[in-house]
Amino acid sequence: MNPLYASRRRRNVITMGLSFGATIFGLGWLVLILGTLLWEGFSGLSPRVFIEMTPPPGSAGGLLNAILGSLVLTGLAVLFGTPIGILAGTYMAEYGRHAKLSSVVRFVNDILLSAPSIVVGLFIYEVMVYPMGHFSGWAGAVALAVIVVPVVVRTTEDMLTLVPDSLREAAASIGLPRSLMIMRIAYRAAKAGMVTGVLLAVARISGETAPLLFTALNNQFWSTNLNAPMASLPVVIFQFALSPYKDWQALAWTGALIITFAVLALSISARALSSTRKQS
Amino acid sequence: MQPAGRRTVVDLALQPGAIRADEAMARSRALAKLKLSDIAFRHVTRGAAVFVLLLLGGVIISLIIGATPALSKFGLGFLVSERWNPVTENFGALAPIYGTLVTSLIAMVIAVPIGLFIAMFLTELCPMWLRRPIGIAIELLAGIPSIIYGIWGLFVFAPFLQSTLQPFLIATFGEVPVLSTLFAGPPYGIGMLTAGLILAIMVLPFVTSISRDVFEAVPPVLKEAAYGLGCTTWEVVRYVVLPYTRVGVIGGVMLGLGRALGETMAVTFVIGNAHKVSASLIAPGTTISATIANEFTEAVGDIYTSSLIALGLILFVITFIVLALARYLLLRIERRIG
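Structure follows, in structure tokens:
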């Protein structure tokens, strides 16, 4: 065989092997991390976790207040963030598709989308926690809402852009005002995609820890007072995992298991809902 | 002539023949109301778009205001000073900046080649029916919350590195002139190398999915022509796909870098939180985000808090530049494809 040909073939086989190996390597981490979570967290998974409060060190307990806190904070964040995101996305896709403002907002939104979440925490600390003088559940919810907005803006704009213009023209031709056309026709056509965006946003924020550390802080007890510090699952995991107490660490693993599978279930259902591929 | 519906609406269609005065009034009122709500809706959406701009502006302004006391006290020396002493209120950002850059660099050095190889596997080698499941599985890595990487890194990965990789590196490179400084010191398990490796796993899905997307956008004709000349798969990727997608790949890498620079929780667990600049990769260090996460709630005194916010400002400026560059490059390739 021609030596040049042989060396080209050899090189090809090596790189193909490397690419196969890299894929196995990447998938390996997923299996390893999920496997560890199941191994460490599953034994602690009992009804107590869902009906008891976070314990003081050395005694048994659950994660009820943390789970409740996470649900409240996430729910409020979606409530604040989604309307703003949908409206801004609507402007960019429907009114100002080629306007200067849209391209600027698109750029800024992309920056916000990948901005470090701890900076969002600092921002909310400066504008809410410091003036109010205390940590609060409201501040945590607003911090998470700041993370929701860019995700929803992005998917809303993308999904509305996919709605065929012939639908809009048909609506306009029977005399429908533009706002009604958007609300009755465009939103309906893009509904699945927009719901996907909200689900992705929920998946993103339900695991966020950094923006909550100095906004919602943490709370050892049952609290539904949004003016007071509020517990959340990620912050409790952070505190318990770094503690020297074995029971706290075990609870942290259980919390980690709950949160990971909740988030993965959310992002898988978001994918299942939209047949279009996820935007980066 | 009222159509059946959820709401009673004024029939706006013009009727043949003459219409009564009250009908005409109702019609014009209804039209005026529609016009008003139309304008209102338009302005509300526009306001929401402007609000997104204000958010970014608010972040920048609040960080600058918060950072002013520290920056005016320490001046530009803040950037190059290694001191970090809460007792004497003497702060410098060099160690966190150094740690941020080093950990991100380690992450990119590992994640970029692996991500490119996976993208190559997904676009060239993988059977069709497996592409989507594998792609989704890799993207799920991005969906795992960062705190999970942190707890996993602290309890599983760091002890593993401490007993295997780090002693090996120390033993192997301990005698080599330059490398011995990179791998000097005892194997703590936690440290900049561990943080870099965890970050590598976290940015891998970003690099992979963007590389795959731009690889898929290469016109099949180009690849087929190269295959027709007798190129091997590797040669097609190396000399056709990569040059065609270079800009997009760099954009994807920058996006991953932006993530690595700002990542907080995973790093906080495994970095060791030591405020010093050390040449050794296995020594504990700190990053900007880890310093803020660890110390912000415990910071007493205005200068301490302000110094931490100044760190946040520096982080934001760095990531802003990196992300803006990434978006610019990705936009360029989108225009070419689209």
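Chains as they are written, first to last, in this note's numbering: chain A, 30 to 309; chain B, 1010 to 1347.
Heads up, the beta-carbon is just placed ideally off N, CA and C, and yes, glycines get one too.
### Query
Who are the near neighbours of B/F1325 in its chain, counting only those whose CB is closer than 8 Å to its CB and skipping five residues on each side?
Residue mapping note: residue 1325 of chain B aligns to position 316 of the second sequence, counting from 1. Within the same chain, Cβ atoms closer than 8 Å to the Cβ of B/F1325 are found at V1068, I1069 and L1072, the five residues on either side in sequence being excluded.
### Query
Is B/V1279 closer than 8 Å to B/T1203 when the C-beta atoms are compared?
What you label residue 1203 of chain B is simply residue 194 of the second sequence in a count that begins at 1. What you label residue 1279 of chain B is simply residue 270 of the second sequence in a count that begins at 1. A contact, by the Cβ cut-off of 8 Å.
### Message
When you compare the CB of B/G1014 with every CB in chain A, is at least one pair closer than 8 Å?
### Response
For the purposes of this step, residue 1014 of chain B is taken as the residue at position 5 of the second sequence. With a pLDDT of 46 at B/G1014, under the threshold of 50, the predicted position of this residue should be treated as unreliable, though the coordinate-derived value follows. No, because no Cβ of chain A sits closer than 8 Å to the Cβ of B/G1014.
### Message
Between B/M1117 and chain A, is any beta-carbon pair separated by less than 8 Å?
### Response
Locating residue 1117 of chain B in the second sequence gives position 108, counting from the first residue. B/M1117 does not count as touching chain A.
### Task
Measure from the alpha carbon of B/V1249 to the alpha carbon of each residue in B/V1276, B/G1260, B/M1263 and B/E1233, then state which is nearest.
Against the second sequence, residue 1249 of chain B aligns to sequence position 240. Nearest option by C-alpha distance: B/E1233.
### Task
Specify the secondary structure class of A/H247 as computed by DSSP and reduced to three states.
Here the question's residue 247 of chain A lines up with position 218 in the first sequence. Here residue 247 of chain A turns out to be Asn, not His, going by the sequence shown. Coil.
### Query
A/D165: buried (16+ other C-beta within 10 angstroms of its C-beta) or exposed?
For the purposes of this step, residue 165 of chain A is identified with residue 136 of the first sequence, where counting begins at 1. In the sequence under discussion, the amino acid at residue 165 of chain A is Ser, which differs from the Asp named in the question. A/S165 is buried by the Cβ-count criterion.
### Query
Whose CA, out of B/A1308, B/A1288, B/E1133 and B/E1225, lies closest to the CA of A/T44?
Residue mapping note: residue 44 of chain A aligns to position 15 of the first sequence, counting from 1. For A/T44, the nearest C-alpha among the options comes from B/E1133.
### Task
Evaluate contact between the segment 161-177 of chain A and the segment 137-152 of chain A, counting only Cβ atoms and requiring at least three cross-stretch pairs below 8 Å.
Judged by Cβ distances under 8 Å, the segment 161-177 of chain A makes contact with the segment 137-152 of chain A, as three or more pairs qualify.
### Task
Measure how close the beta-carbons of A/L241 and A/S272 come, nearest whole angstrom, since I'm counting them as under 8 Å.
Here residue 241 of chain A corresponds to residue number 212 of the first sequence, with the count starting at 1. Here residue 272 of chain A corresponds to residue number 243 of the first sequence, with the count starting at 1. Wrong, their Cβ atoms sit about 18 Å apart, outside the cutoff.
### Message
With a threshold of 8 Å, are at least 3 pairs of Cβ atoms found where one atom belongs to the segment 1090-1110 of chain B and the other to the segment 1288-1305 of chain B?
### Response
Cβ pair count under 8 Å is three or more, so yes.
### Message
Less than 8 Å between CB atoms is the rule here; does A/A218 satisfy it with respect to chain B?
### Response
As a first step, residue 218 of chain A is located in the first sequence; it is residue number 189 there, counting from the start. Cβ-Cβ to chain B under 8 Å: no for A/A218.
### Query
Of all the options B/T1314, B/A1057 and B/M1211, which has the alpha carbon lying nearest to the alpha carbon of B/A1120?
For the purposes of this step, residue 1120 of chain B is identified with residue 111 of the second sequence, where counting begins at 1. Considering only alpha carbons, the answer is B/M1211.
### Task
Count the other C-beta atoms from every protein chain shown that fall within 10 angstroms of the C-beta of B/H1284, then say buried if there are 16 or more, exposed otherwise.
The residue you call residue 1284 of chain B lines up with position 275 of the second sequence. Taking a 10 Å sphere around the C-beta of B/H1284, we find 16 or more other C-beta atoms and assign the residue as buried.
### Task
Could you name the residues that DSSP lists as bridge partners for B/F1100?
Here residue 1100 of chain B refers to the residue found at position 91 when the second sequence is read from its first residue. Answer is B/W1093.
### Query
How about A/M45: is its C-beta nearer than 8 Å to some C-beta of chain B?
On the first sequence, residue 45 of chain A is found 16 positions in, with the first residue counted as 1. Chain B, which has a Cβ nearer than 8 Å to the Cβ of A/M45, makes this yes.
### Query
Whose C-beta lies closer than 7 Å to the C-beta of B/G1075 among residues of the same chain, with five residues either side of it excluded?
Locating residue 1075 of chain B in the second sequence gives position 66, counting from the first residue. Excluding sequence positions up to five before and after B/G1075, its CB lies within less than 7 Å of the CB of S1315 and I1318, all in the same chain and listed in chain order.
### Message
Which residues in chain A have a C-beta closer than 8 Å to the C-beta of B/P1154? List them in chain order.
### Response
Translated into the one-based positions of the second sequence, residue 1154 of chain B becomes position 145. Using a Cβ-Cβ cut-off of 8 Å, B/P1154 is close to S235, G236, E237, T238, P263, I288, T289 and V292 of chain A, given in chain order.
### Interfacial residues, the segment 1056-1082 of chain B to chain A, with Cβ spacing under 8 Å
Within the segment 1056-1082 of chain B, the residues whose Cβ lies closer than 8 Å to any Cβ of chain A are, in chain order, G1056, A1057, A1058, V1059, F1060, V1061, L1062, L1064, L1065, G1067, V1068, S1071, L1072, I1074 and G1075.
### Query
Since A/T52 contacts B/I1143 with CB under 8 Å, what's their CB separation in whole angstroms?
In the first sequence, counting from the first residue as 1, residue 52 of chain A sits at position 23. In the second sequence, counting from the first residue as 1, residue 1143 of chain B sits at position 134. Contact holds; Cβ gap of about 7 Å.
### Message
Quick check on B/I1127: buried or exposed, where buried means 16 or more other Cβ atoms within 10 Å of its Cβ?
### Response
In the second sequence, residue 1127 of chain B corresponds to position 118, counting from 1. Buried, because 16 or more other Cβ atoms sit within 10 Å of the Cβ of B/I1127.
### Task
Between the Cα of B/Y1337 and those of A/D139, A/S235 and A/A219, spot the shortest distance and give me the residue it belongs to.
Start at 1 with the first residue of the second sequence, and residue 1337 of chain B comes out as number 328. Here the closest residue by C-alpha is A/D139.
### Query
Under a CB-based cut-off of 8 Å, is A/T190 close to chain B?
Residue mapping note: residue 190 of chain A aligns to position 161 of the first sequence, counting from 1. At a cut-off of 8 Å between beta carbons, A/T190 makes no contact with chain B.
### Query
Between A/M121 and the rest of its own chain, which residues show a CB-CB distance below 7 Å, the 5 nearest in sequence each way excluded?
Within the first sequence, the letter at position 92 stands for residue 121 of chain A. In chain order, S131, V134, R135 and E186 place their CB closer than 7 Å to the CB of A/M121, counting only its own chain and leaving out the 5 sequence neighbours on each side.
### Message
I need the boundaries of the alpha helix (DSSP H) containing A/N254, first residue and last residue.
### Response
By 1-based counting over the first sequence, the position of residue 254 of chain A is 225. Boundaries for A/N254: no alpha helix (DSSP H) harbours it, and the DSSP string shows neither H nor E there.
### Query
Which value, in whole angstroms, describes the spacing of the CA atoms of A/N302 and A/A219?
By one-based count along the first sequence, residue 302 of chain A stands at place 273. By one-based count along the first sequence, residue 219 of chain A stands at place 190. With the sequence shown as reference, residue 302 of chain A is identified as Leu, and Asn is not the correct amino acid for it. If you take the alpha carbons of A/L302 and A/A219, they lie about 12 Å apart.
### Query
Expressed to the nearest angstrom, what Euclidean distance is found between the alpha-carbon atoms of A/F156 and A/T244?
What you label residue 156 of chain A is simply residue 127 of the first sequence in a count that begins at 1. What you label residue 244 of chain A is simply residue 215 of the first sequence in a count that begins at 1. One detail in the question is off: residue 156 of chain A reads as Val in this sequence, not Phe. Whole-angstrom Cα-Cα distance: 10 Å.
### Message
If you reduce the DSSP assignment to three classes, tell me which class B/L1339 lands in.
### Response
Reading the second sequence from its first residue, position 330 is the one you call residue 1339 of chain B. DSSP places B/L1339 in helix when its eight states are reduced to three.
### Message
Using beta carbons (cut-off 8 Å, strictly below), is B/I1160 in contact with chain A?
### Response
In the second sequence, the residue the question calls residue 1160 of chain B occupies position 151. Cβ-Cβ to chain A under 8 Å: yes for B/I1160.
### Query
Closest to B/E1225 by CA distance: which of B/I1312, B/P1176, B/V1111 and B/M1137 is it?
Taking the first residue of the second sequence as 1, we reach residue 1225 of chain B at position 216. Nearest of B/I1312, B/P1176, B/V1111 and B/M1137 to B/E1225, Cα basis: B/M1137.
### Query
Hey, is A/F71's beta-carbon within less than 8 Å of any beta-carbon in chain B?
Here residue 71 of chain A refers to the residue found at position 42 when the first sequence is read from its first residue. No, A/F71 does not count as interfacial toward chain B.
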